[in-house]
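Structure, as structure tokens:
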Amino acid sequence: MMKQLVLAATLFGIFSTAAIADDRYATRPPVVLSPDLTAPWINQLGGGRVRPVVYQRPVVRQPQRGLFQRRVLRQAPQAAPQTVSAINPGIPSIRRPIEPQYLPQMVDYDTTEKPGTIVIDTNNRFLYLVMQGGKARRYGVGVGKPGFEWAGAHKITRKTEWPDWTPPSEMVRREAAKGHYLPARMDGGAENPLGARAMYLGSTLYRIHGTNAPWSIGSAVSSGCIRLRNEDVVDLYDRVNVGTRVIVM
Numbered sequence: 001m002m003k004q005l006v007l008a009a010t011l012f013g014i015f016s017t018a019a020i021a022d023d024r025y026a027t028r029p030p031v032v033l034s035p036d037l038t039a040p041w042i043n044q045l046g047g048g049r050v051r052p053v054v055y056q057r058p059v060v061r062q063p064q065r066g067l068f069q070r071r072v073l074r075q076a077p078q079a080a081p082q083t084v085s086a087i088n089p090g091i092p093s094i095r096r097p098i099e100p101q102y103l104p105q106m107v108d109y110d111t112t113e114k115p116g117t118i119v120i121d122t123n124n125r126f127l128y129l130v131m132q133g134g135k136a137r138r139y140g141v142g143v144g145k146p147g148f149e150w151a152g153a154h155k156i157t158r159k160t161e162w163p164d165w166t167p168p169s170e171m172v173r174r175e176a177a178k179g180h181y182l183p184a185r186m187d188g189g190a191e192n193p194l195g196a197r198a199m200y201l202g203s204t205l206y207r208i209h210g211t212n213a214p215w216s217i218g219s220a221v222s223s224g225c226i227r228l229r230n231e232d233v234v235d236l237y238d239r240v241n242v243g244t245r246v247i248v249m
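Using the numbering used here, you'd call the opening residue of the sequence shown number 1 and step up by one each time.
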């Protein structure tokens, strides 16, 4: 009888221990495995309010495509188109921002010339429209390149908006020798090298005109003509009349 009681007590103790163990592990936090092979295999376990620490890198999932869903390919960015010089077809023009001193501005100007006279300082690349009270409106210009400089006094004999361009025969031959073939004539427009306006000087081939290459203002690049930015030549065009005296020095 005593042996049976001892055996029953032993069995009761075993089952009670198992039940307590089951209760203790029934609420244990799960084991979190990291997908990052460089992290610990088993992360820190916490209980109660302590959250398990998870070591992992962000996983970027690619969207799944259906069997017949069109695939969208990302195109490489394209370089901005370069403006091609009308004088040198096929040769990209080098762009640079215009220097601030070449933007239109009112300046003090001491001269004996009458108001309304245009004075062009080719060395410093400025055009002055003489105003009242010792003032002048100053514009930045492009002038004749070496070998094409000139000086003199003329009058504006004609004004034209969006002028056509007929290259002089001398220019055609000169550029052809360099391998640049010019059109016999070009209609007025945004691609025309004379730009938005032209003011013709006397009976010469020279003009004060706009340009489709505004980055050339402040440089000696022309065949003798005086060029301004299109917005500046329009402003000057509206301020002067046929017969205006023009002094180039």
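Positions of the beta carbon are idealized from the N, C-alpha and C atoms, including for glycine.
Self-check item: For Arg-227, the residue or residues it bridges with in DSSP
Solution: Gly-142 and His-209
Quiz item: I think Thr-157 touches Gly-202, with their Cβ atoms under 8 Å apart; what is that distance to the nearest whole Å?
Solution: 6 Å
Quiz item: If we count the other Cβ atoms within 10 Å of its Cβ and call it buried at 16 or more, is Val-233 buried or exposed?
Solution: Result: buried.
Self-check item: Alpha-carbon to alpha-carbon, Leu-182 and Val-84
Solution: Because Val-84 sits at a pLDDT of 37, beneath the cut-off of 50, its placement in the model cannot be relied upon, and the following sentence gives the value as read from the coordinates. Straight-line Cα distance between these residues: approximately 13 Å.
Quiz item: So what's Ala-177 in DSSP terms, helix, strand or just coil?
Solution: It is helical.
Exercise. Under 8 Å by Cβ, that's how I've got Asp-164 and Gly-188 pegged, so tell me the actual separation to the nearest angstrom.
Key: Contact between Asp-164 and Gly-188 holds: their C-beta atoms lie close to 5 Å from each other, under 8 Å.
Self-check item: Strand pairing of Lys-155, partner residues [DSSP]
Solution: Arg-245
Exercise. Enumerate in chain order the residues of its own chain whose CB-to-CB distance from Arg-96 is below 8 Å, with the five nearest sequence positions on each side excluded.
Key: Trp-215
Quiz item: Relative to the C-alpha of Thr-169, which residue among Arg-185, Leu-103, Tyr-237 and Lys-114 is closest?
Solution: Correcting the residue identity first, residue 169 is Ser in this sequence and not Thr. The shortest Cα separation from Ser-169 among Arg-185, Leu-103, Tyr-237 and Lys-114 belongs to Arg-185.
Quiz item: Going by the CB atoms, is the gap between Leu-236 and Gly-195 shorter than 9 Å?
Solution: no
Quiz prompt | Inter-residue CB distance, Val-119 and Thr-112 (contact presumed, cutoff 8 Å) | solution = That belief does not hold up - the Cβ atoms of Val-119 and Thr-112 are roughly 11 Å apart, past 8 Å.
Quiz prompt | For Val-119, the residue or residues it bridges with in DSSP | solution = Answer by DSSP bridge pairing, in chain order: Tyr-128 and Ile-247.
Quiz prompt | C-alpha distance - Glu-149 paired with His-209, whole-angstrom precision | solution = 16 Å
Quiz prompt | Residues bridged to Ser-222 (per DSSP) | solution = Gly-144
Exercise. Report the rounded CA-to-CA distance for Leu-205 versus Ala-198, giving the unit in angstroms.
Key: 12 Å
Self-check item: Nearest-angstrom beta carbon gap, Arg-245 and Thr-117 [assumed within contact, 8 Å]
Solution: The pair is a contact, with the Cβ atoms about 5 Å apart (cut-off 8 Å).
Quiz item: In chain order, what residues of the same chain have a beta carbon less than 7 Å from the beta carbon of Ile-226, not counting five sequence neighbours either side?
Solution: Result list for Ile-226: Ile-120, Leu-127, Val-141, Val-143 and Ile-208, in chain order.
Quiz item: Quick one: what's got a C-beta closer than 8 Å to Asp-238's C-beta in the same chain, skipping five residues either side?
Solution: No residues qualify anywhere along the chain.
Quiz item: Going along the chain, which residues of its own chain have a beta-carbon closer than 6 Å to the beta-carbon of Asn-192, five neighbours each way excluded?
Solution: Trp-165 and Met-186
Quiz item: What number of angstroms, rounded off, separates the C-alpha of His-180 from the C-alpha of Val-130?
Solution: 39 Å
Quiz prompt | Bridge partner(s) assigned by DSSP for Trp-215 | solution = DSSP lists no partner for Trp-215.
Quiz item: Short check: CB of Arg-125 to CB of Ile-247, under 9 Å?
Solution: Their beta carbons are not under 9 Å apart, which means Arg-125 does not touch Ile-247 by this criterion.
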